[in-house]
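Here is the structure we will look at, set down as structure tokens.
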Amino acid sequence: MNFHEREKKWNIIFLIFGIILMVLLVGMLYWSRETEAAESRRLQEMAKKTEDSDKTNAGTKVETEKSEEVKEEPESVPEEEEKNPEGIVCWGDDLINGEASAKYSYKVVLQKLLEENGYNLPVQDKTLQGAGTLSMMTMAGVPAEEVQQFVTKHKEKAAGANLAVTETGIRDLTEEQTERTDINCIPVICMGYYGGWSHDPEELAQQQQKILDTFPNKEKFIIVGTRPMDGSVDAATLDAALKAKWGKNYISAAEVTTSPSSTYEAQAEIAQAVLDKLEELKYIQKEG
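Going by the numbering used here, 56 is the number at position 5 of the sequence shown; the sequence numbering is gapless.
Following this line, the structure appears as structure tokens:
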């Protein structure tokens, strides 16, 4: 084998080797690209999963926050039903004197009417027989200096003339009479029949307010107006002033009975009017 043949042989070998290297290089390049593409796809899939996970977590967080907000919101408490008062208390005049009062006075008849109509409510008695409004304010615990202001006013208005004892006098009261067990009851104030308000309906309204102010609940009450025993003020004048002051809470005895207030018939009719007013104003409810 001469030199030229050997050279030719080596050239063929180098050519084959070069082709092999080229094939390997192309294969490596292709494999590298495929690897990079696979890695890119893997990274994209991971990124997508992460994004979906973040969205899911975010949604879960929002739902959790909403749930917590709902939990934090106070539960709506149903409104409590209106409860009955501890009872009814009658303040002021007892127009039926003597033992007959225990059967015929409006406070006794009112108790009977409540029971007959299904109301389990006691009626307390804070009335006085033959006493003026000054004594009633004192019994209710109105400060003595405030009661005395009315006495002074009456004396000044009289200018030395004789006054009825109820215009300046205050009855001696027992501890039992001045004890207040009625402050959580609904007051029915019927006072003025025996005097003590200088024949001035506006002053009578002021005195009624003094007694009402001794109750913690000043929104629920009934005022009953009766023409005074001495006839010094007629029913129309009295009613006009007291209706203007008390509005829907006022009962005119003259409008509910044609009989004199101190009669048994009138007391029964006043008692019925009080029951009707208690129901009208929704102060009381039947139990059970």
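Backbone N, C-alpha and C fix where the C-beta goes; we use that ideal spot for every residue, glycine too.
Simplified DSSP assignment, three categories, for residue i
i, result
"P238", "strand"
"Q257", "helix"
"V325", "helix"
"Y301", "strand"
"V121", "With a pLDDT of only 48 at V121, under the threshold of 50, the placement of this residue in the model should not be trusted, and no figure is reported."
"T309", "coil"
"K333", "coil"
"K208", "helix"
"V193", "coil"
Contact check, residue i vs residue j, beta carbons under 9 Å
i, j, result
"K134", "Q336", "yes"
"P238", "F272", "yes"
"G247", "T217", "yes"
"G138", "C236", "yes"
"L164", "Q323", "yes"
"T189", "L224", "yes"
"G276", "L263", "no"
"P311", "V284", "no"
Span separating the alpha-carbon of residue i from that of residue j
i, j, result
"R278", "M187", "17 Å"
"K206", "E338", "51 Å"
"R222", "K269", "26 Å"
"V121", "P267", "Reliability fails at V121, whose pLDDT of 48 lies under 50, so the model's placement of it is uncertain and the value that follows must be treated cautiously. Distance between the alpha carbons of V121 and P267: 39 Å."
"Q260", "D327", "22 Å"
Contacts around residue i, its chain only, beta-carbon distance under 7 Å, and the 5 residues preceding and following it disregarded
i, result
"V113", "No answer about V113 holds up, because its pLDDT of 49 lies below 50 and its placement is not dependable."
Other residues of its chain near residue i: CB distance less than 6 Å, five sequence neighbours each side excluded
i, result
"P194", "none"
"V174", "I139, K158, L161, Q162"
"T308", "A317, E320"
"A286", "R278, A305"
Residue i burial status per 10 Å Cβ neighbour count (16 or more: buried)
i, result
"Q258", "buried"
"A182", "buried"
"K154", "exposed"
"I64", "exposed"
"E196", "exposed"
heavy atom of the ligand GDP below 8 Å from residue i C-beta
i, result
"K134", "With respect to the ligand GDP, the structure shown offers nothing to examine, as it has no ligands at all."
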